[in-house]
Amino acid sequence: MESAMVDLEIDGKKVSVPAGTSVIAAADKLDIYIPRYCYHKNLSVAANCRMCLVEVENIGKPLPACATPVAADMKVFTQSAKALQAQRTVMEFLLINHPLDCPICDQAGMCELQDIAMGYGRCYSYFNEKKQATYSEDLGPLVETWMTRCIKCTRCVRFGEEVAGMRELGVVNRGTHSEISTYLEDCVDSELSGNIIDICPVGALTAKPSRYQARNYELLEVLGVALHDCVGSNVYWHMRRFQHKQERHVMATVPRENVDINETWISDRDRFAYCGLQHDSRLLTPKLKSASGEWRDVTWERGLAEAADKLKAILQNYGANQLAFIGSPNSSTEALYLLQKLSRGLGCDNVDHRLKQQDFSATEPLDVAPLGMRLNDLENQQSVLLIGSDVRYEQPLLSHRIRKASLNNAVIMSINVKRLNANFNIANQIIATDILSSVMQLAKALGVNHSLLDRVVVDEELESVATVLRDSEGAILLGLYALEHPQAMLIKWFAHQIERAVKGQTLGCLTHGANSSGARIAGALPHIDCSGAFIETPGLTVGELLGDKPVKAYLLLDFEAENDVAKTAKAIKALDQAAIVICLSSFVTDSMHQYADFIFPIAPYTECSGTYYNVEGRKQVVSASSVPMGDAKPAWKVLRVISHFKSIEN
4 MESAMVDLEI DGKKVSVPAG TSVIAAADKL DIYIPRYCYH KNLSVAANCR
54 MCLVEVENIG KPLPACATPV AADMKVFTQS AKALQAQRTV MEFLLINHPL
104 DCPICDQAGM CELQDIAMGY GRCYSYFNEK KQATYSEDLG PLVETWMTRC
154 IKCTRCVRFG EEVAGMRELG VVNRGTHSEI STYLEDCVDS ELSGNIIDIC
204 PVGALTAKPS RYQARNYELL EVLGVALHDC VGSNVYWHMR RFQHKQERHV
254 MATVPRENVD INETWISDRD RFAYCGLQHD SRLLTPKLKS ASGEWRDVTW
304 ERGLAEAADK LKAILQNYGA NQLAFIGSPN SSTEALYLLQ KLSRGLGCDN
354 VDHRLKQQDF SATEPLDVAP LGMRLNDLEN QQSVLLIGSD VRYEQPLLSH
404 RIRKASLNNA VIMSINVKRL NANFNIANQI IATDILSSVM QLAKALGVNH
454 SLLDRVVVDE ELESVATVLR DSEGAILLGL YALEHPQAML IKWFAHQIER
504 AVKGQTLGCL THGANSSGAR IAGALPHIDC SGAFIETPGL TVGELLGDKP
554 VKAYLLLDFE AENDVAKTAK AIKALDQAAI VICLSSFVTD SMHQYADFIF
604 PIAPYTECSG TYYNVEGRKQ VVSASSVPMG DAKPAWKVLR VISHFKSIEN
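What follows is the structure, given as structure tokens:
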């Protein structure tokens, strides 16, 4: 049922908002600014800073706009003498103990306290006593604290309780002696902890990795997308150019608001992963292994020419079926498209991106929206069943959506091989040694008929899960453990049968990598091409190519076989035995030096334009924020040059 609308007037402008809306939210709708510290649109109302005091007609004293609901025919004045006097008085009290250390504060230049003080602060103070100093606790390697600057807005406290689901920070003591503390000496442990840096309106909480590294006026803000899980959170990269260098370095990553994807939050790995972009293992020049096994730097022209010649030799001597082109689900859609185009242009269908998958027993149809719903639909479900998913650590922003569903009285259930350390209430948590067996029991309990279920006996706990599914509309989510299971196809098949057997349930897959959907659209599969058509004689899967059916030549795009595949030992063995291995990578490892023959530096996600599709199938285009470091090139450019070499064309 829709809320009744209320008409009111703010600074002479009329507005109509739903009943129960706060005055500050109504003012925001009119683009009328009311200063605030404790108020945040995604957190509960605390009303403890009092900076948002406004005058309301026929009310004797100023009222806090964040805690005052609108009323019919209300008249609000945000710039009246009474309102401004109240706001300036509050500002003076807030600055009583605040240190004047802006020249050394990382927040200087992007600080709400500075900005509001310019408009509402006084040039003098009646307070002549000594300022108080507060002990700053060590919250870990990510968040730097300087609690003397804290104005007790409690945004960080409410974020932990309401969004992260972990009460790690709180207010101790009372009155002028109150402090933000962890109660016990401890680090903040939440995978969303970095967001308290963004919502802190002063310099009390700042990013420790970038401490004292740059000033706000030195930085260029660039739109980006985080590529560390299938959510595709929107971010800003803060870039700084160094003297005598063309490229810019990422100095910070902060969230970019997108209500449909990540709201105003990002995970810690999205926020701090930029620290690895200048790691010592970063590859900056093309490398070639000599016959004696020594590595040496070469020019792009020589390296690509020799790589193309060797691919041509394998093609002529052994045929196209002895070539393999394997990409990463984190690569851009353009790079993956050119990878499969190069492969199929040479008559080879041995192209794949499913690095972690183990079960290829069934031919999967093209599915470009694996979640089966919008991300923000998750928080409106009546029930959520997680199968083989540790969503809090695998997709932290999805975990946040599920937590919101839980707070809305949704029933959350889990079938997993371990007990989940979730940040939401799990009504029924089933610890299964065999996930497939549990899914089959659930299917039988819901009336699915199949010969494989004839001897299955349904556990009482799974009967209760079946009852919830029958009585609710919800989501069944297959996580990474289920999708990478040795019998994943059977798990998926029975999960589909459960979806069909129960009205109102939607099956979704929380896929590996940031661009699995884009890889499928690009045709980086051995059985489906870029048009979506099935191939009559499919090529070998990545499990076969890096397992029991190795080939003579491999081109590996943007992944490390020693870290990113399901069966590492078999993959290393297959690559060691190959005649030629060409790696396109941003970083180099000791194992890569062992199995590779050519290593070409490609630009990481911040230095390369591209298109990505998240788990809901949403298209997101990213522009390069900088020229690539060193002699690195975008992956799509390298693939295009290899495919056009005369030695391959002929």
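In terms of this note's numbering, the sequence shown opens at residue 4 and continues consecutively.
Heads up, the beta-carbon is just placed ideally off N, CA and C, and yes, glycines get one too.
Taking Cβ to Cβ, would you say residue i is nearer than 8 Å to residue j?
i: residue 448; j: residue 461; result: yes
i: residue 434; j: residue 390; result: no
i: residue 360; j: residue 489; result: no
i: residue 202; j: residue 229; result: no
i: residue 548; j: residue 327; result: yes
i: residue 118; j: residue 10; result: no
i: residue 517; j: residue 333; result: yes
i: residue 609; j: residue 336; result: no
i: residue 612; j: residue 630; result: no
i: residue 48; j: residue 42; result: yes
i: residue 484; j: residue 419; result: yes
i: residue 331; j: residue 314; result: no
i: residue 416; j: residue 471; result: yes
i: residue 557; j: residue 584; result: yes
i: residue 476; j: residue 232; result: no
Kindly indicate the opening and closing residues of the alpha helix (DSSP H) around residue i.
i: residue 305; result: 303 to 321
i: residue 26; result: 26 to 32
i: residue 521; result: 519 to 525
i: residue 252; result: Note, residue 252: premise wrong, no alpha helix (DSSP H); beta strand (DSSP E) at 251 to 258.
i: residue 442; result: 438 to 448
i: residue 394; result: 394 to 397
i: residue 341; result: 336 to 348
i: residue 576; result: 571 to 580
i: residue 121; result: 115 to 123
i: residue 199; result: 198 to 202
i: residue 93; result: 84 to 97
i: residue 158; result: 158 to 162
i: residue 548; result: 545 to 548
Let me confirm a value: residue i is counted as buried when at least 16 other C-beta atoms fall within 10 Å, else exposed. Which label applies?
i: residue 421; result: exposed
i: residue 82; result: exposed
i: residue 393; result: buried
i: residue 589; result: buried
i: residue 540; result: exposed
i: residue 103; result: exposed
i: residue 220; result: exposed
i: residue 444; result: buried
i: residue 282; result: exposed
i: residue 642; result: buried
i: residue 652; result: Legend: pLDDT at residue 652 = 46, less than 50; position of this residue unreliable, value from coordinates given subsequently. Exposed: under 16 other Cβ atoms inside 10 Å.
i: residue 442; result: buried
i: residue 561; result: buried
i: residue 180; result: exposed
i: residue 534; result: exposed
i: residue 368; result: exposed
i: residue 249; result: exposed
Where DSSP assigns a beta bridge to residue i, which residues make up the other side?
i: residue 512; result: 481
i: residue 602; result: 290 and 586
i: residue 416; result: 388 and 431
i: residue 241; result: 224 and 255
i: residue 497; result: In DSSP, residue 497 forms no bridge with anything.
i: residue 210; result: 146
i: residue 261; result: 266
i: residue 639; result: None, per the DSSP bridge assignment.
i: residue 20; result: 9
i: residue 537; result: 531
i: residue 192; result: For residue 192, which the question treats as bridged, DSSP gives no partner whatsoever.
Locate the beta strand (DSSP E) running through residue i, then write down its first and last residues.
i: residue 147; result: 146 to 148
i: residue 616; result: 613 to 616
i: residue 557; result: 556 to 560
i: residue 173; result: 173 to 175
i: residue 623; result: 622 to 625
i: residue 78; result: 78 to 80
i: residue 327; result: 326 to 329
Our contact map puts residue i next to residue j with C-beta atoms below 8 Å; I'd like the distance itself, whole angstroms only.
i: residue 354; j: residue 527; result: 6 Å
i: residue 167; j: residue 213; result: Not confirmed; about 21 Å, so no contact.
i: residue 186; j: residue 175; result: 7 Å
i: residue 603; j: residue 289; result: 5 Å
i: residue 160; j: residue 172; result: 5 Å
i: residue 363; j: residue 544; result: 4 Å
Less than 7 Å between the CB of residue i and some heavy atom of the ligand HEM, yes or no?
i: residue 75; result: Among the components modelled here there is no ligand, and therefore nothing to report on the ligand HEM.
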